[in-house]
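Add 12 to the 1-based position in the sequence shown for the numbering used here, that's all there is to it. Ideal Cβ positions, reconstructed from N, Cα and C, are used throughout, including at glycine. These numbers were taken from a predicted model, which means no experiment stands behind them. Worksheet for the structure shown next.
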Amino acid sequence: MKIKTKPKSMFKCLYLESLTGMVLTFIVFIHLTAGYVRQGDKETFVDTATVHLQNYINSQYESDGLYTRLNDHTELSFYDYKLQVIEKDINIASYCLDCEAFTEHKGRTIYINGDDLFAIALPIPNSPQFLLFTETEDPITISTPWYEDRDNHFFLMLFVTMSLALALLLYLPLCRVNKRVNKLLKVQEAFGQGDLSIRAESYHISPIKEIAQSFNEMAEDIETRVKQSQIFSQAIPHEIRTPLSRIQMASDLLRRPDTINKEMLHDNIDNYIEDISLLTADIIQLSRLRNKRCVQSIPHTEEVPLKELCQNRMKMVGGDHNIAFNIDPELSNKHPYGAACFAKLILDNLIKNAINYGNGLVEVSLNEFDDCWTIDVEDNGLGIPSEKRQEIFLAFARLDKSRNLNNGGFGLGLAIASQAAKNLDWPLSVDDSHLGGARFTILIPKI
Numbered sequence: 013m014k015i016k017t018k019p020k021s022m023f024k025c026l027y028l029e030s031l032t033g034m035v036l037t038f039i040v041f042i043h044l045t046a047g048y049v050r051q052g053d054k055e056t057f058v059d060t061a062t063v064h065l066q067n068y069i070n071s072q073y074e075s076d077g078l079y080t081r082l083n084d085h086t087e088l089s090f091y092d093y094k095l096q097v098i099e100k101d102i103n104i105a106s107y108c109l110d111c112e113a114f115t116e117h118k119g120r121t122i123y124i125n126g127d128d129l130f131a132i133a134l135p136i137p138n139s140p141q142f143l144l145f146t147e148t149e150d151p152i153t154i155s156t157p158w159y160e161d162r163d164n165h166f167f168l169m170l171f172v173t174m175s176l177a178l179a180l181l182l183y184l185p186l187c188r189v190n191k192r193v194n195k196l197l198k199v200q201e202a203f204g205q206g207d208l209s210i211r212a213e214s215y216h217i218s219p220i221k222e223i224a225q226s227f228n229e230m231a232e233d234i235e236t237r238v239k240q241s242q243i244f245s246q247a248i249p250h251e252i253r254t255p256l257s258r259i260q261m262a263s264d265l266l267r268r269p270d271t272i273n274k275e276m277l278h279d280n281i282d283n284y285i286e287d288i289s290l291l292t293a294d295i296i297q298l299s300r301l302r303n304k305r306c307v308q309s310i311p312h313t314e315e316v317p318l319k320e321l322c323q324n325r326m327k328m329v330g331g332d333h334n335i336a337f338n339i340d341p342e343l344s345n346k347h348p349y350g351a352a353c354f355a356k357l358i359l360d361n362l363i364k365n366a367i368n369y370g371n372g373l374v375e376v377s378l379n380e381f382d383d384c385w386t387i388d389v390e391d392n393g394l395g396i397p398s399e400k401r402q403e404i405f406l407a408f409a410r411l412d413k414s415r416n417l418n419n420g421g422f423g424l425g426l427a428i429a430s431q432a433a434k435n436l437d438w439p440l441s442v443d444d445s446h447l448g449g450a451r452f453t454i455l456i457p458k459i
């Protein structure tokens, strides 16, 4: 039995990680600035010792001054330090236990003991003696216990305030993100339950924007594939049934001894078999165009000369039909890159469609613009109603709904052209033609 675990809160994870990062940053900051702070302590200590030396000198003629008291008692202890007068030839270690030379400042040696307390011996002017200034307590930590120290209270309140501010700054945007994610989940659930037309809202915040766009693209692709599958499942049996019925009828007639024109019936059977073969070939071709592995296996780095492409396809497909070719007089020598086989499929099927549905006049136009080329295939037929201009690119779609093979094939040509155009990233659209029929436009971007 699989045990389901409750997912972790995004807010909780991000907050704890951010709080941990803030604490680590504070610790690293203290570590990196310890030397700088220590340098400031050293300078303050030397300046304080110099002040005491000056006070000692200035109080020589005061009866109760520092000079008199220090000479009478040899050593004076104060709040966090003590002063001593020592002889020049006496080692400082005799007065400062476990002291060792730490550094120098302004030409004076500073000593430090095992408790990280400073000591310094300053020469008394016009005297062989030195004034020994020694710290007895750290002036920062001796005042009050840490839990009563106002500075500690300040830093604690600062940390609490920053923690609360961090929580608020994380919670508000995460709350909005969470709402949008929940909406995406509801859309995903509805899509999974069969509502293939539902789409996610578009957002402007990354990565929600990319997730929504990716879902919508996936949903669009799945919906199209499902519709195509439904059309295939309904249309293929119907398309095959018609030639099979005709083959069966011709076969029955051939069995009758009184049947005349048997050669014509044999030719009809061959034509019906060819129809089934063409239908099968178109279905296989469309399936391959939709197979991403097959598409990726075809190199898209071929140079596609558009003028020669149009002329060759018009000659191959058009035959004896009246097809006019208009070329932009300012057409450059530049060519797009892609899979030439896909480009041929697009033009072949558009030209066939124009021949089948036009009234004898087909026009192909090649134009160049600043950022793209366009190829227009137009006819003088009945045109395509605006509400049907998306439907015609679906497999087996016919405007007349009669599915008569004599009036335009199987309805797979535009589906093949549309899929080949998608594989090349060449947008394919349909509009009204100046000839009175339909105009199919291939837009080829300049990359």
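- Per DSSP, residue 71 has no beta-bridge partner at all.
- For residue 338, the enclosing beta strand (DSSP E) covers residues 335-339.
- A Cβ-Cβ distance of about 6 Å is found for the pair residue 325 and residue 360, placing them in contact under the 8 Å criterion.
- Taken through DSSP and simplified to helix, strand or coil, residue 144 comes out as strand.
- Of all alpha-carbon atoms in 318, 268, 233, 344, the one lying nearest the alpha-carbon of residue 406 is that of 233.
- In the three-state DSSP reduction, residue 134 falls in the strand class (E or B).
- Remark: C-beta atoms of residue 315 and residue 340 do not approach each other more closely than 9 Å.
- If you look at residue 289, you'll find it in the alpha helix (DSSP H) that goes 274-302.
- A direct Cα-Cα distance of roughly 10 Å separates residue 54 from residue 60.
- Burial is judged here by how many other beta carbons sit within 10 angstroms of a residue's own beta carbon; residue 170 has fewer than 16 and is exposed.
- Per DSSP, residue 351 lies in no beta strand (DSSP E) and is assigned neither H nor E.
- In the three-state reduction of the DSSP assignment, residue 60 falls in the helix class, which pools H, G and I.
- Residues 262 of the same chain have their beta carbon placed closer than 6 Å to that of residue 280, with the five preceding and five following residues left out of the count.
- Secondary structure of residue 208 (DSSP, three-state): coil.
- Per DSSP, the unbroken alpha helix (DSSP H) holding residue 322 starts and ends at 318-325.
- If you draw a straight line from the Cα of residue 255 to the Cα of residue 288, it comes to about 7 Å.
- DSSP places residue 79 in the uninterrupted alpha helix (DSSP H) bounded by 78-85.
- Within the same chain, 362, 389, 442 come within 6 Å of residue 452 by CB-CB distance, once the 5 residues on both sides are set aside.
- Non-local beta-carbon contacts of residue 21 in its own chain, meaning distances under 8 Å to residues more than five positions away in sequence, are absent.
- Counted as a single uninterrupted DSSP element, the beta strand (DSSP E) harbouring residue 95 occupies residues 93-99.
- Assignment of beta-bridge partners to residue 379 by DSSP yields 386.
- Between residue 439 and residue 348, the CB-CB gap reaches or exceeds 9 Å.
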